[in-house]
Amino acid sequence: MRPVTLPDGRTLRVLDCGEGDAVVLLPMVAELNFVYAPQIAEFQRDHRVVLYEPLLSTNTRVGIKDRAHEVRSLLSALGISRAHFVVWGDTGAAAYYLAKHHPELCRSMVFVGLADRYRFPQPYGFWLKVLEHLPIERVVSSRVFATLLGRFVGGTQIKPEWIVQEALVVLRLTALFKHSILPNLTEHRPTPGEVHVPSLVISGDNDHIVSVAQARRMAALLPNAGAAVIKPGGEHFITYVDDSFVNETVRRFISSVE
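FYI, the working numbering numbers position 139 of the sequence shown as 165, with every residue one higher than the one before it.
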């Protein structure tokens, strides 16, 4: 990665490799950028692939509008006028916002594991509401939060204990989640016909965060998307674990757009 200075003077660490039409991978947090490793390896062979470490906060809200603005600034700094976007998880909320308000920047959108609305089983839904509205990040330790996260997100492919181990690498995890990740879940309110960019929705039928019904409803909101592509047995980390399936599906889609 190399530092890139944005028009507003801030600096991002950016991976920029390969040549050809740009494929931009939107990050959740820097520590999770590994989920895109198979896509980097696949698409840098004939595309310009961009991934970066986002500027997040543990005390100030970073919403989907802020994330979309960061993407726009980075494209400007890199001299990229239009790009294909491949986005994993709820970071897709920021990509959706970008496609809605700045379609001129988007050749296509691939949403991997994005719901139309996020609804969580109890007690997770209750605790997320509490975290959103009360300052419990001051008393809920990173270990406790990482354990809850592992139990909710983990599965048979990516074990809960492994998620806990990796999550604990993130400094002030609870506060970072509240201010910089939770907004992706709460601000995502798509409506039919807002985004006309050519789009694709991919999900797994064993994703504990996004159900098949949610993924299909998300695809149905997009006029220029077909039916959601569902991977049997696919879990939330589908870009990393089921990389061959995802890469082949994305490549066919991007080739059809190009």
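For glycine and all other residues, C-beta sits at the position ideal for the given N, C-alpha and C. Model, not experiment: these values are computed from the prediction.
Would the stretch 200 to 220 and the stretch 85 to 94 be scored as touching if the rule is three or more Cβ pairs under 8 Å?
yes
Between the Cα of F69 and the Cα atoms of D47, G180, W114, which residue gives the shortest distance?
Taking the first residue of the sequence shown as position 1, residue 69 is located at position 43. Ranked by Cα distance from F69, the first of D47, G180, W114 is D47.
Evaluate contact between the stretch 181 to 201 and the stretch 73 to 81, counting only Cβ atoms and requiring at least three cross-stretch pairs below 8 Å.
no
Since H281 is in the beta strand (DSSP E), which residue starts that stretch and which ends it?
Taking the sequence shown and counting its residues from 1, one reaches residue 281 at position 255. Just to set this straight, residue 281 is Ser in the shown sequence, not His. That residue, S281, is in no beta strand (DSSP E); its alpha helix (DSSP H) goes 269 to 283.
Do L101 and A94 have their C-beta atoms closer together than 8 Å?
Working through the sequence shown from its first residue, we reach residue 101 at position 75. Working through the sequence shown from its first residue, we reach residue 94 at position 68. No. Outside cutoff.
Can you tell me whether DSSP reads M244 as helix, strand or coil?
The sequence position of residue 244 within the sequence shown is 218, counting from 1. If DSSP states are grouped into helix, strand and coil, M244 belongs with the helices.
Pair every Cβ in the stretch 184 to 194 with every Cβ in the stretch 223 to 239, then say whether three or more of these pairs are closer than 8 Å.
no
Which runs of the alpha helix (DSSP H) fall wholly inside the stretch 167 to 232 and span at least 4 residues, in chain order?
For the stretch 167 to 232, whole alpha helix (DSSP H) runs of length 4 or above, ordered along the chain, are 168 to 179, 186 to 193, 199 to 202, 208 to 212.
Are the beta-carbon atoms belonging to P249 and G230 less than 8 Å from one another?
Counted from its first residue, the sequence shown places residue 249 at position 223. Counted from its first residue, the sequence shown places residue 230 at position 204. Here P249 is not near G230, since their CB atoms are 8 Å or more apart.
Kindly indicate the opening and closing residues of the beta strand (DSSP E) around I90.
Taking the first residue of the sequence shown as position 1, residue 90 is located at position 64. Counting along the chain, I90 falls outside any beta strand (DSSP E), though it belongs to the alpha helix (DSSP H) covering 90 to 104.
With a threshold of 16 other CB atoms inside 10 Å of the CB of T372, please say whether the residue is buried or exposed.
This structure gives no information on residue 372, because the portion of the chain shown stretches from 27 to 284.
Does the stretch 120 to 136 come within contact of the stretch 161 to 172, defined as at least 3 CB pairs closer than 8 Å?
no
C-alpha distance - E274 paired with A63, whole-angstrom precision:
Position 248 of the sequence shown, counted from the start, is the residue given in the question as residue 274. Position 37 of the sequence shown, counted from the start, is the residue given in the question as residue 63. Approximately 15 Å, taken between the alpha carbons.
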